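Trainee: Submitted below is the structure of interest, expressed as structure tokens.
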Ligand SMILES: Cc1cc2nc3c(=O)[nH]c(=O)nc-3n(C[C@H](O)[C@H](O)[C@H](O)COP(=O)(O)O)c2cc1C
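Residue numbers (this note's numbering): 47 to 483.
Right, dumping it as structure tokens:
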């Protein structure tokens, strides 16, 4: 296979066949790693293939990925002599890329994994000396499923001559007040490029939203506008639950339109946000705004609600769902920042949102609604204590310590479950049935 073809057709695989990869192929892959460039040609890498089932099970306490593929290779690099300029990271990364391209040319698929949990624990399991850093686990195997090519950023925004001509893509703050609409739009496109695996709903949350929708919105016909649904998680649910309603959604880019179109069970209409949304005059019987107020600056929120008010029929209704900041949401985020991933992406992607996100108080949402001509008719709330699936989702891939903490929390939350419904003001998910004032 030509290098060019290998580069452009290699894909990250996350579903492998069980068939073993011959020893000779593994050797060829390691041989390719040996020929990668390394800082000062020190070649301080070691590759550790985990074969033994009992070692695999131990490793799985930190990273469940190990069970995904027949071959899992930990890539480690010496941290002596190579700290400067991240030379160890650069050298190991070059070796990993060589391994993946060689594997691909031999018909073997791969997945680069940095979700490793507690690497010190892993180092003890693998009996690596302290001078060896574990950088990644790379999985290899024959592919069961090769995903579509995730989209790439365009060349003209990432290529610069002489001086940097762009601007940093996104603020490092997750507070929507620090984001422009343009930055929010760019960030969403980046997440959409990453594909569907970023937007699987936590089932308990989806069920709660559907239950609230079902009790507030009883229509079998008419026109529904889903406002800024982003990945279309709930556009899909709405178009399924209300088969005779004509659904439109407004979003910021064609890429998002395409992404949502792919997931909805029947055709839906689009309206480009902000221009078409604010300028169009057609009106709607029902509107929904599900976990989206939290993602926009306050001035923008008001503008959105104002336009929605102008475009709802007098006897129409609006379904609002938002994350209440006076709930376990706040301590949970604090905890995550301390024990979980610290990267911008993780700080910026608290489900169900993708992008900047700031949970709101019920008072803030009430003020937004009152000032834009809406009135709250009914309310339902969910999750004063976190549901088990949310705890498992958040604690699941962050290593053994976090998982054990998660199990303790699950027990605690199950014990508290009976009082959940009396704790509306501190419930994380608030759902409101809103009508024109
Ligand atoms: C440093 C690094 C870490 C990664 N970690 C993971 C991971 O933990 N889990 C995973 O499923 N994919 C992981 N990936 C794969 C990326 O998601 C993937 O490369 C990206 O979506 C582009 O897709 P492609 O490799 O098919 O071009 C990682 C990639 C890199 C370079």
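Ideal Cβ positions, reconstructed from N, Cα and C, are used throughout, including at glycine.
Values in this document were obtained by computation on a predicted structure and should not be read as measured data.
Any idea what DSSP makes of residue 158, helix, strand or coil?
Mentor: strand
Trainee: What are the boundary residues of the alpha helix (DSSP H) that includes residue 180?
Mentor: That residue, residue 180, is in no alpha helix (DSSP H); its beta strand (DSSP E) goes 178–187.
Trainee: Since residue 185 and residue 156 should fall inside the 8 Å C-beta cutoff, what is the C-beta to C-beta distance between them, to a whole number of angstroms?
Mentor: Right, their Cβ atoms sit about 6 Å apart.
Trainee: Nearest to residue 77 by alpha carbon, out of 468, 91, 129 and 86?
Mentor: 91
Trainee: DSSP three-state label for residue 383, please.
Mentor: Correct three-state label for residue 383: helix.
Trainee: Below 8 Å, is the gap between the Cβ of residue 217 and the nearest heavy atom of ligand 1?
Mentor: Every heavy atom of ligand 1 is 8 Å or more from the Cβ of residue 217, so no.
Trainee: Hey, quick one: how far does the alpha helix (DSSP H) through residue 323 stretch, first residue to last?
Mentor: Counting along the chain, the alpha helix (DSSP H) containing residue 323 begins and ends at 321–325.
Trainee: Out of 412, 340 and 421, point me to the one whose CA is closest to residue 360's CA.
Mentor: Nearest of 412, 340 and 421 to residue 360, Cα basis: 421.
Trainee: If distances are taken between C-alpha atoms only, which option among 468, 264 and 329 comes closest to residue 290?
Mentor: 264
Trainee: Please confirm whether residue 181 and residue 139 have their CB atoms less than 9 Å apart.
Mentor: yes
Trainee: When the distance is taken between beta carbons, is residue 366 closer than 9 Å to residue 411?
Mentor: yes
Trainee: CA-CA distance, residue 425 and residue 466?
Mentor: Here the C-alpha atom of residue 425 lies approximately 15 Å from the C-alpha atom of residue 466.
Trainee: Give me the residue from 267, 418, 56 and 70 with the minimum Cα distance to residue 284.
Mentor: 267
Trainee: What residue range does the alpha helix (DSSP H) around residue 203 cover?
Mentor: 201–204
Trainee: Between residue 213 and residue 95, what straight-line distance do the alpha-carbon atoms span, to the nearest angstrom?
Mentor: Looking at the two C-alpha atoms, the distance is approximately 42 Å.
Trainee: Does ligand 1 have a heavy atom nearer than 8 Å to the CB of residue 193?
Mentor: At least one heavy atom of ligand 1 is nearer than 8 Å to the Cβ of residue 193, so yes.
Trainee: Is residue 111 near ligand 1, going by C-beta to nearest heavy atom under 8 Å?
Mentor: yes
Trainee: What is the DSSP secondary structure of residue 362, counted as helix, strand or coil?
Mentor: strand
Trainee: Using a beta-carbon distance below 9 Å, is residue 202 in contact with chain D?
Mentor: The chain inventory of the structure shown lacks chain D, comprising one protein chain alone.
Trainee: Less than 8 Å between the CB atoms is what I'm expecting for residue 336 and residue 255, so what's the real figure, rounded?
Mentor: 6 Å
Trainee: Quick one: complete beta strand (DSSP E) runs, 3+ long, within the region 250–334?
Mentor: 269–273, 292–297 and 315–318
Trainee: Does the distance from the CB of residue 145 to the CB of residue 53 come in under 9 Å?
Mentor: no
Trainee: Note the first and the last residue of the continuous beta strand (DSSP E) segment covering residue 94.
Mentor: 91–95
Trainee: Flag residue 82 as yes when its Cβ comes closer than 8 Å to any non-hydrogen atom of ligand 1, and as no otherwise.
Mentor: Checking every heavy atom of ligand 1 against the Cβ of residue 82, none is found closer than 8 Å.
Trainee: Quick check: does the Cβ of residue 161 come within less than 8 Å of any heavy atom belonging to ligand 1?
Mentor: Taken from the Cβ of residue 161, at least one heavy atom of ligand 1 lies inside 8 Å.
Trainee: Here's a check: name, in chain order, each residue in its chain whose Cβ is nearer than 8 Å to the Cβ of residue 406, leaving out the five neighbours to either side.
Mentor: By the criterion of a C-beta distance shorter than 8 Å, residue 406 is surrounded in its chain by 339, 340, 368, 369, 370 and 371, once the five residues flanking it on both sides are discounted.
Trainee: Is any heavy atom of ligand 1 found at a distance shorter than 8 Å from the C-beta of residue 518?
Mentor: Lying outside 47 to 483, the shown extent of the chain, residue 518 is not represented and no answer is given.
Trainee: Figure out for me which residue from 122, 107 and 102 has the closest Cα to the Cα of residue 115.
Mentor: Of all alpha-carbon atoms in 122, 107 and 102, the one lying nearest the alpha-carbon of residue 115 is that of 102.
Trainee: Do residue 121 and residue 168 count as a contact pair if the criterion is CB distance below 9 Å?
Mentor: Going by C-beta atoms, residue 168 is not nearer than 9 Å to residue 121.
Trainee: So, for residue 452: in the same chain, excluding its five sequence neighbours on each side, which residues have a beta-carbon less than 8 Å away from its beta-carbon?
Mentor: 437, 438, 440, 441 and 442
Trainee: Identify the continuous beta strand (DSSP E) that holds residue 428 and give its terminal residues.
Mentor: Residues 420–428.
Trainee: Residue 134 lies in the alpha helix (DSSP H); which residues open and close that run?
Mentor: 133–151
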